[in-house]
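Heads up: the sequence shown at position 179 corresponds to 179 in full-length UniProt numbering, and the numbers run straight through without jumps. Ideal Cβ placement from N, Cα and C applies to all residues, glycine included. Presented below is the structure to which this report refers.
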Amino acid sequence: MQRTPLRVAIVDDEPLARLAVCTHLARRPGFEIVAEYADGDAAAHGLALLRPDLAFVDVQMPGRSGLAALAALPRDSRPMAILLTAHEGFALQAFELAALDYLLKPIDDERLDEALERALDAFPYRRTSAAAAAAAPWLRSFSVRAGARTVLVGAAEVERIEADGDYATLHVGTRRYLVRERLHALARRLDPLQFQRVHRSSIVRLDMVAELRALTNRDALLRLRDGTLLRASRTYMPALTQALARQGQPAAALLKTG
1 MQRTPLRVAI
11 VDDEPLARLA
21 VCTHLARRPG
31 FEIVAEYADG
41 DAAAHGLALL
51 RPDLAFVDVQ
61 MPGRSGLAAL
71 AALPRDSRPM
81 AILLTAHEGF
91 ALQAFELAAL
101 DYLLKPIDDE
111 RLDEALERAL
121 DAFPYRRTSA
131 AAAAAAPWLR
141 SFSVRAGART
151 VLVGAAEVER
161 IEADGDYATL
171 HVGTRRYLVR
181 ERLHALARRL
191 DPLQFQRVHR
201 SSIVRLDMVA
211 ELRALTNRDA
221 LLRLRDGTLL
231 RASRTYMPAL
241 TQALARQGQP
251 AAALLKTG
């Protein structure tokens with residue numbers, strides 16, 4: 001089945017920079033350019049109206065910056081963002097705005113392709129509509145084997161879940177329970193306001209996240225409240241940072257560098 005193209009907006013005051021992105025996207029299936037903006041004020045207004053799926057945003061522009069244009073949008077209506085910049089050092093702002101990636105100018109084609117693939121991978125995990133969330137029968141408990149007994153483990157007790165082949169392991173304090181279900185199936189059945197997948201092999205309960213540490217490859221290292229360290233894949237970072245913000249834990253407050 002053919003996937004609906006991601007709707008893309010480009011925000012950059014340099015015409016040649018916008019042209020470079022447009023030219024590259026024209027060679028790629030799966031993307032449709034719906035708007036271009038040359039300044040932050042027009043971008044903030046246009047993005048709010050069009051609500052594209054993905055935006056390329058120049059960090060520094062005359063007048064309102066690209067970061068300010070994104071920050072002016074409500075969190076739930078911000079597009080996935082790929083930041084464009086001539087300077088490194090925007091990791092903190094990138095995490096705070098749930099940016100998918102940031103590319104250094106002049107833009108390298110290979111890195112641009114990598115960012116586009118990340119957008120395609122991340123989009124299915126990015127949005128859960130309010131209507132779907134209200135109607136979904138989220139998993140409230142797990143039926144697991146404990147020796148010769150079958151016991152119920154409340155979902156709210158589970159701190160994290162790890163993939164184990166065709167099974168998954170629930171971590172509840174010092175206890176471990178094996179469930180006969182794949183991790184990707186469990187991820188669809190758990191309340192996204194409480195749990196988020198952070199890697200293809202792990203799901204965490206959001207209130208267990210104590211610290212984020214940015215890594216050089218744009219992944220992050222998570223420290224949980226019990227001291228456990230987990231890698232968070234860049235593919236899942238936008239959804240994770242947005243979910244933390246909804247819980248009142250903005251990623252910027254948790255982010256450590258160095």
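Assignment of T169 by DSSP, reduced to helix, strand and coil, places it in the strand class.
Here the alpha carbons of L222 and T169 stand approximately 19 Å from one another.
In this structure, V59 sits away from A69, with a CB-CB distance that is not shorter than 8 Å. L67 is the residue among L67, P29 and G30 whose C-alpha sits nearest the C-alpha of A43. DSSP lists S202 as the bridge partner or partners of H199. Less than 8 Å separates the beta-carbon of M208 from that of L224. Leaving aside the five residues that flank R218 on each side, the residues in its chain whose CB is nearer than 7 Å to its CB run, in chain order, D101 and R234.
Assignment of M237 by DSSP, reduced to helix, strand and coil, places it in the helix class. Only residues of its own chain outside the window of five on either side were considered, and among them I10, I33 and E36 have a CB closer than 8 Å to the CB of C22, listed in chain order.
Scanning the UniProt domain "Response regulatory" (7 to 120) from its first residue to its last, the whole beta strand (DSSP E) runs of 3-plus residues come out as 31 to 37, 54 to 58, 80 to 85 and 101 to 104. Using a Cβ distance threshold of 8 Å, M80 and A20 do not count as a contacting pair. Counting along the chain, L229 sits inside the beta strand (DSSP E) bounded by residues L229 to A232.
Shown here for A146: same chain residues with a beta carbon closer than 8 Å to its own, the five before and five after excluded, namely Y177 in chain order. Boundaries for A187: no beta strand (DSSP E) harbours it, while the alpha helix (DSSP H) harbouring it runs L183 to R189, taken from the DSSP string. When DSSP states are grouped into helix, strand and coil, L215 belongs to the coil group.
The beta-carbon separation of D166 and R188, rounded to 16 Å, does not stay under the 8 Å limit for a contact. Looking at the backbone, the Cα of I107 and that of H171 are separated by about 43 Å. Collapsing the DSSP output to three states places E159 in coil. The DSSP-derived three-state label of L152 is strand. When secondary structure is reduced to three states using DSSP, D207 falls in the helix class. In the three-state reduction of the DSSP assignment, R140 falls in the coil class, being assigned neither a helical nor a strand state. Annotated three-state conformation of R145 is strand, per DSSP.
Residue range A220 to L224 is occupied by the beta strand (DSSP E) that includes L224. Under DSSP, the beta-bridge partners assigned to L178 are T169. With 16 or more other Cβ atoms inside 10 Å of its own Cβ, Q242 counts as buried. Put simply, the backbone Cα of D53 is about 17 Å away from that of E114.
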